[in-house]
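Numbering (this note's numbering), first residue to last: 31 to 143.
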């Protein structure tokens, strides 16, 4: 539904390769934008404890990891895992965050057409 796609706001600045005023069409990036820049529009998310909010934000692309590339052998390991490894080594993800990410990936894959 195009009416629900977020447009990058000037007050937020560029986001994940999207310029101010640009509509975000990728569903994971769009959700990541909403979770990071305007979480108040999702009341059920906004009332979660901060740690749970961070876990959910982690699943929405902070590490720029594309499991589809791994499954379909579409990228070399360096390109595929560089950012994922960096996020983990910098302490921006806990073991439960990574585990939850893979549950997210399985549900995402199950819903793919």
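Heads up, the beta-carbon is just placed ideally off N, CA and C, and yes, glycines get one too. Computed from a prediction, not measured in an experiment: that's the story for all the values here.
Which residues in the same chain as residue i place their Cβ atom closer than 6 Å to its Cβ, once the five residues preceding and following it in sequence are excluded?
i: residue 38; result: 45, 48, 50, 52
Beta-carbon within less than 8 Å of residue i's beta-carbon, same chain only, minus the 5 sequence neighbours each way: which residues are those?
i: residue 65; result: 72, 75, 83, 86, 87, 90
How big is the Cα-Cα spacing for residue i and residue j?
i: residue 108; j: residue 117; result: 14 Å
i: residue 78; j: residue 70; result: 11 Å
i: residue 68; j: residue 42; result: 9 Å
Is residue i helix, strand or coil by DSSP?
i: residue 48; result: strand
Starting from residue i, trace the alpha helix (DSSP H) both ways and give me its first and last residue.
i: residue 83; result: 80-89
i: residue 108; result: 107-119
i: residue 72; result: Careful: residue 72 lies outside any alpha helix (DSSP H) and carries neither H nor E.
If we count the other Cβ atoms within 10 Å of its Cβ and call it buried at 16 or more, is residue i buried or exposed?
i: residue 35; result: exposed
i: residue 62; result: buried
i: residue 81; result: exposed
Might you give, ordered along the chain, the residues of its own chain that have their beta carbon closer than 7 Å to the beta carbon of residue i, omitting 5 neighbours on each side?
i: residue 60; result: 35, 36, 54
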